[in-house]
Structure formats: C-alpha cells, structure tokens
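Take a look at the structure set out below.
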Ligand code: IMP
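In structure tokens:
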C-alpha cells in the first residue's frame, strides 16, 4: 500500500469526503491546499477515465507525490449517455449548476424514459506517470422533471436516487455517501488496497 497520497481535487467538499473515507488507512494524506501554485489542467479527455488519469498524472508530476484524482458525469439513457463527459460544461463554457440543470431539464422535457446514472472514475498515479489504480462507481436514478430539495451540489436536486427513494437534493451528506458514485468508486479502491497489502 502507498505510504503517502495527495487528494488531487480543488473541490474542498470532495477532499473532505475522500479524507473521511481514507482516514483509517495507514496512509499519510495530503491535499492540493499544500500546493497553492498549481493551476488546474484542461480536461481534454474524451472519457471520464481519460480525464481522471490525465488529472492524476498531471498533479502527481507537479506535487512529486502519488495522487488520486476523479472525474464524474451524469448519463441519461434517453440522451444516449449525455451529458456524460461534458456534464460540467453541458450548457457551455461559462456553465453554472443552474444553467446546466435548466438545459438538461429542457432537453429531457418530452422524454418519458427518465433512467440515468452518476458515474465516477478514480485514478491513482505515481509521480513518474504510472497509473497504479483505476476504479469506477455507479449510482442509478431517475431524472426528475423539476428541482426537489436544496442540499448537495451540481445536479443533485434533479437526481432521484433509486436506492434512497428521494432526490439527492433532499438527502443528507451521510445518506448520499452511502450510495454515491464517488463513495462506491473509493470503496472499491480501498478494497483493492487492503487485498494487496
Ligand atoms: P466532477 O468530475 O466531479 O468535477 O463533476 C463533473 C460534473 O458532474 C459537474 O457538473 C458536477 O456538478 C457534476 N457532479 C459530479 N458529482 C455530482 C454529484 O454527486 N451530485 C451532483 N452533481 C455531480
């Protein structure tokens, strides 16, 4: 198992989530807060996997430390998997959570098939660029017709979780962590590490 790991995301909510789940492992955890000069790379990959790898390798090289990075997306069956890798920029370059939600609700307005899922890919890279691990987590749901609840971030208010029987906008952080795509990917990673200890 690694002795040191940097959680390579600028999203502080994610850092806290990852740190909480990793804290019982014998790994010294770091975050990008210790490296304020590093700017975010462009996410030019065509898949979530490519972007997770690209970010892990980029940050591992610049921090000179093993790095964990993730990329997530929302996939709607009726839109053939869109927005997918474009989830963050679905409504354009200056997209906000609000404009993204508006566009997706509008694109799905006449769709009866509301099945969708959040998918997360996590990659871990060594400073020299070797990818040590790549794992995926999925969370199934239905796309709502309007926002329900105000908790969470991103598309949470329009995602109805099949397991929680409520929208992510209504769920507590603890409830969401029990089923979320990110938590599931991380649990897989921890399982692999424990197995190969
Ligand atoms: P990222 O890969 O985590 O940066 O997320 C890409 C896009 O997916 C952003 O628009 C996020 O708002 C959205 N997203 C990722 N995870 C979640 C989630 O757990 N809830 C709601 N939206 C999410």
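Residue numbers (the working numbering): 530 to 726.
Yeah, the Cβ is synthetic: ideal placement off N, Cα and C, and Gly gets one too.
Predicted model, so just to flag it, every value in this text is computed and none were measured.
* To do: Please list, following the chain, all residues that have a C-beta closer than 5 Å to any non-hydrogen atom of the ligand IMP.
  => 600, 601, 616, 617, 683, 684 and 685
* To do: Would you identify the three-state DSSP class for residue 553, choosing helix, strand or coil?
  => In the chain shown, counting from the first residue as 1, residue 553 sits at position 24. Reduced to three states, the DSSP call for residue 553 is coil.
* Asked: residue 582: buried (16+ other C-beta within 10 angstroms of its C-beta) or exposed?
  -> On the chain shown, residue 582 is found 53 positions in, with the first residue counted as 1. That one is buried.
* To do: Could you tell me if residue 553 is buried or exposed, where buried requires 16 or more neighbouring beta carbons within 10 angstroms of its beta carbon?
  => Along the chain shown, one-based indexing puts residue 553 at 24. It counts as exposed.
* **Rounded separation between residue 546 and residue 535 - CA only** => On the chain shown, position 17 is the one that residue 546 refers to. On the chain shown, position 6 is the one that residue 535 refers to. Whole-angstrom Cα-Cα distance: 14 Å.
* If you compare alpha carbons, which of 689, 690 and 653 is closest to residue 719? -> Along the chain shown, read from residue 1 onward, the residue named residue 719 stands at position 190. Residue 653 is the option with its Cα nearest to residue 719.
* When we look at the beta-carbon of residue 666 and count the other beta-carbons within 10 Å, is it buried (16 or more) or exposed? -> Here residue 666 refers to the residue found at position 137 when the chain shown is read from its first residue. Buried: at least 16 other Cβ atoms inside 10 Å.
* **the segment 631-646 / the segment 585-595 touching (three or more Cβ pairs under 8 Å)** => no
* To do: Provide the residue span of the beta strand (DSSP E) that contains residue 540, from first to last.
  => Position 11 of the chain shown, counted from the first residue, corresponds to residue 540. From DSSP, residue 540 is part of no beta strand (DSSP E); its letter is neither H nor E.
* **Which of helix, strand or coil DSSP assigns to residue 660** => Translated into the one-based positions of the chain shown, residue 660 becomes position 131. Strand at residue 660.
* To do: Report yes or no: do three or more beta-carbon pairs, one from the segment 662-682 and one from the segment 698-717, lie closer than 8 Å?
  => yes
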